[in-house]
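Please read the structure below before turning to the comments.
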Amino acid sequence: MIDSRKDKVLAEVQEQLKVFTRGIYVLVIGVMALVYYILNPSILVFDVPEEQPLVQVEAPLPEYENGIHLATGFKEGENLQLVINNCTSCHSAKMVTQNRATRDGWKTMISWMQETQNLWDLGENEPLILDYLAKYYAPEESGRRKPLTNIDWYELED
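Note that the numbering used here gives residue 15 to position 11 of the sequence shown, counting from 1, and the numbers run on in steps of one.
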């Protein structure tokens with residue numbers, strides 16, 4: 005009976021020792037955190053940057069040389085910016101400048117892009133874009149003469 009009582013007392017002492025040890029651990033960790041904070045007070049300061057005022061910068065005007073918009077190669081004209089915004093967001097300006105078409109031809113190309121390439125509906129901008137394209141990128145005369153036909157050829161003598 006004395007042994008069982010000793011065992012109970014011993015178990016209680018061991019339990020109290022565990023609680024005491026845990027308390028010491030918590031105390032040591034707390035002291036270490038306090039010392040760290042004293043040595044590094046900025047650790048708990050959250051720097052919130054001051055809100056910077058927005059500065060409005062005007063975009064430089066597009067530069068032209070000899071009637072050509074230097075950045076895109078488009079011819080200078082009314083509704084140029086509209087064409088730049090709608091055409092060059094998907095492809096290079098060269099895709100436009102290398103082609104020539106009538107107003108109907110340009111309309112056909114735009115319709116094809118809308119049907120197959122997911123071009124958005126241009127809405128009220130479409131006639132303005134077509135005006136620009138038909139005016140500045142219309143078919144040109146090639147400047148070459150038509151091939152000769154019905155000619156009687158002869159051989160040159162040496």
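Where a beta carbon is used, it is the ideal one built from N, C-alpha and C, also for glycine.
- Here Trp157 is exposed, its C-beta having fewer than 16 other C-beta atoms within 10 Å.
- Minimum Cα-Cα distance from Glu145 among the listed residues Gln18, Ala105, Val17, Phe24 corresponds to Ala105.
- In this structure, the CA atom of Glu130 is about 31 Å from the CA atom of Gln60.
- The C-beta distance from Leu84 to Leu132 rounds to 10 Å, too long to meet the 8 Å contact threshold.
- For Gln56, there is no enclosing alpha helix (DSSP H), since its DSSP letter is neither H nor E.
- For Lys79, no alpha helix (DSSP H) encloses it, and the DSSP letter there is neither H nor E.
- Glu16 and Pro45 have their C-alpha atoms roughly 42 Å apart.
- Taking all protein chains shown into account, Leu134 has 16 or more neighbouring C-beta atoms within 10 Å of its C-beta and is therefore buried.
- If you draw a straight line from the Cα of Leu58 to the Cα of Tyr141, it comes to about 41 Å.
- The alpha-carbon of Gly81 is positioned some 23 Å away from that of Leu123.
- In the three-state scheme derived from DSSP, where H, G and I count as helix and E and B as strand, Tyr41 is classed as helix.
- For Arg107, the enclosing alpha helix (DSSP H) has its first and last residue at 107–120.
- Between Asp11 and Ile28, the alpha-carbon positions lie close to 25 Å from each other.
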